[in-house]
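Undergrad: UniProt numbering numbers the first residue of the sequence shown as 1 and each following residue consecutively. We put the beta carbon where it would ideally sit given N, CA and C, even for glycine. Given the structure is predicted, the values throughout are model-derived calculations rather than measurements.
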Amino acid sequence: PQPPPARCPGRAGRAGLAQAVFQEPVTFEDVAVHFSAEEWGGLAGWQKGLYKEMMMENYRLIASLAGSAGPKPEIVQKLERGEELHLGDPPAAPMGGSPQDPGTADSRRRRLSGCAAAAATCKRKELSLADRVKLLQALESPSASLSSVAKLFGISKSQAGRIGRRREQILADWHTNANPLRKRKREGKGGEVEDALFTWFQQALARGERLSGPILKAKAQELALSSGRDFEATDGWLCRWKTRHN
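(1) Using 10 angstroms around the beta-carbon of residue 54, count the other beta-carbons present and answer buried if the total reaches 16, otherwise exposed.
(2) Taking three-plus beta-carbon pairs below 8 angstroms as touching, is the region 192-202 in contact with the region 221-231?
(3) Express the C-alpha separation of residue 212 and residue 206 in angstroms, rounding to a whole number.
(4) When the Cα atoms are used, what is the spatial distance from residue 172 to residue 144?
(5) Just to confirm, are residue 76 and residue 51 a CB contact at a threshold of 8 angstroms?
(6) I need the straight-line Cα distance from residue 142 to residue 46, nearest angstrom please.
(7) Cα-Cα, which of 126, 210, 41, 174 is closest to residue 137?
(8) Let me check understanding here. Comparing Cα to Cα, which of 129, 28, 202 lies closest to residue 169?
(9) Residue 146 and residue 157 - do their beta-carbons sit closer together than 8 angstroms?
(10) Which two residues bound the contiguous alpha helix (DSSP H) that contains residue 35?
(11) Look up residue 147 in the DSSP assignment and say whether it is helix, strand or coil.
(12) Where do the ends of the alpha helix (DSSP H) carrying residue 173 lie?
(13) For residue 116, I'd like the list of residues in its chain whose CB is within less than 7 angstroms of its CB, leaving aside the five on either flank, ordered along the chain.
(14) Between the Cα of residue 41 and those of 80, 126, 148, 56, spot the shortest distance and give me the residue it belongs to.
(15) Mapping DSSP to helix, strand and coil, what is residue 215?
(16) Between the beta-carbon of residue 217 and the beta-carbon of residue 233, is there less than 8 angstroms?
(17) Would you kindly check if the distance between the Cβ of residue 200 and the Cβ of residue 219 is under 8 angstroms?
(18) Considering residue 138, what are the terminal residues of the alpha helix (DSSP H) in which it resides?
(19) Helix or strand or just coil, what does DSSP make of residue 222?
(20) Compare the beta carbon distance of residue 73 and residue 35 with 8 angstroms and say whether it is the shorter of the two.
(21) Put residue 53 into one of helix, strand or coil per three-state DSSP.
(22) Just how far apart, CA to CA, sit residue 127 and residue 215?
Okay, here's the thing in structure tokens:
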């Protein structure tokens with residue numbers, strides 16, 4: 001009998017894998033990113049919209065890791081109601097002590113920095129091409145600082161700086177209609193075949209063609225052969241290709 005085809009992990013599998021990375025349960029507050037009133041007032045409307053999207057994504061991720069949503073945090077309730085957020089310090093909660101000892105201002109600031117770092121680790125290890133373009137647009141604002149933009153996107157200041165330094169390459173990728181959901185540009189012979197296959201895939205969909213796994217693998221082999229690449233399109237490779245290109 002033929003072996004079963006390789007399968008991509010489903011949402012539950014990815015959630016279980018992510019949960020296994022953490023020694024302790026991750027809460028929404030661990031990945032929430034808070035802004036001071038001054039920082040919030042300096043954000044443009046589209047930046048506030050992006051913040052809402054990020055916070056809701058983080059909330060849904062934490063709910064999937066926990067297996068249930070639980071009580072909705074106040075910030076999520078406000079976002080769902082479309083209320084204006086007046087953000088200062090994070091909601092009162094134990095900061096390494098007890099509810100009666102919320103911690104000092106320094107401990108709250110350390111907690112806030114930890115939240116941003118946790119968000120980057122849990123949800124945004126890599127930004128998609130579309131998000132990197134948005135980040136570059138945010139950096140163009142006269143009132144924007146590197147740290148505030150990094151905080152908005154849930155990444156570190158150094159990562160935001162690296163994206164800023166690669167501005168020309170990122171915009172070139174964007175203008176050549178590269179996959180906007182791609183998070184990392186693959187290098188080498190496999191990456192070239194994958195990019196060529198994705199371009200062909202988009203064109204085939206536009207023509208209304210019906211595609212399947214065997215068709216995609218055969219086309220990948222054809223593209224590799226025509227470019228003189230040593231490449232094998234396996235079921236596992238196809239699964240990873242689908243995941244990388246959403």
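TA: Based on what the coordinates show:
(1) Reading the sequence shown from its first residue, position 54 is the one you call residue 54. So residue 54 ends up on the buried side.
(2) yes
(3) Stepping through the sequence shown from its first residue, residue 206 is reached at position 206. Stepping through the sequence shown from its first residue, residue 212 is reached at position 212. The straight-line gap from Cα to Cα measures roughly 15 angstroms.
(4) Translated into positions along the sequence shown, residue 172 becomes position 172. Translated into positions along the sequence shown, residue 144 becomes position 144. When rounded, the distance between both Cα atoms is 23 angstroms.
(5) Numbered from its first residue, the sequence shown carries residue 76 at position 76. Numbered from its first residue, the sequence shown carries residue 51 at position 51. Taking 8 angstroms as the Cβ cut-off, residue 76 and residue 51 do not qualify as a contacting pair.
(6) For this step, residue 142 is matched to residue 142 along the sequence shown. For this step, residue 46 is matched to residue 46 along the sequence shown. If you take the alpha carbons of residue 142 and residue 46, they lie about 15 angstroms apart.
(7) Translated into positions along the sequence shown, residue 137 becomes position 137. Per the Cα distances, 174.
(8) Locating residue 169 in the sequence shown gives position 169, where the first residue counts as 1. For the residues 129, 28, 202, the minimum Cα distance to residue 169 belongs to 129.
(9) The count along the sequence shown starts at 1 and reaches residue 157 at position 157. The count along the sequence shown starts at 1 and reaches residue 146 at position 146. Result yes, Cβ atoms of residue 157 and residue 146 sit closer than 8 angstroms.
(10) Position 35 of the sequence shown, counted from the first residue, corresponds to residue 35. Neither: residue 35 is in no alpha helix (DSSP H) and is coded neither H nor E.
(11) On the sequence shown, position 147 is the one that residue 147 refers to. Of the three classes helix, strand and coil, the one that applies to residue 147 here is helix, per DSSP.
(12) Stepping through the sequence shown from its first residue, residue 173 is reached at position 173. Unbroken alpha helix (DSSP H) run through residue 173: 167-175.
(13) Sequence index remark: in the sequence shown, residue 116 carries index 116 (1-based). With a pLDDT of only 43 at residue 116, under the threshold of 50, the placement of this residue in the model should not be trusted, and no figure is reported.
(14) The residue you call residue 41 lines up with position 41 of the sequence shown. It is 148 whose Cα lies nearest to the Cα of residue 41.
(15) As a first step, residue 215 is located in the sequence shown; it is residue number 215 there, counting from the start. Looking at residue 215 - three-state DSSP - the assignment turns out to be helix.
(16) In the sequence shown, residue 217 corresponds to position 217, counting from 1. In the sequence shown, residue 233 corresponds to position 233, counting from 1. Yes, the pair counts as a contact, with Cβ atoms nearer than the cut-off.
(17) For the purposes of this step, residue 219 is taken as residue 219 along the sequence shown, with counting starting at 1. For the purposes of this step, residue 200 is taken as residue 200 along the sequence shown, with counting starting at 1. A contact, by the Cβ cut-off of 8 angstroms.
(18) The residue given as residue 138 occupies position 138 in the sequence shown. Where residue 138 is concerned, the enclosing alpha helix (DSSP H) stretches over 129-139.
(19) Your numbering for residue 222 matches position 222 in the sequence shown. Helix at residue 222.
(20) Translated into positions along the sequence shown, residue 73 becomes position 73. Translated into positions along the sequence shown, residue 35 becomes position 35. The answer is no: Cβ separation not under 8 angstroms.
(21) Mapped onto the sequence shown, residue 53 falls at position 53. If DSSP states are grouped into helix, strand and coil, residue 53 belongs with the helices.
(22) Position 127 of the sequence shown, counted from the first residue, corresponds to residue 127. Position 215 of the sequence shown, counted from the first residue, corresponds to residue 215. Computed Cα separation, rounded: 30 angstroms.
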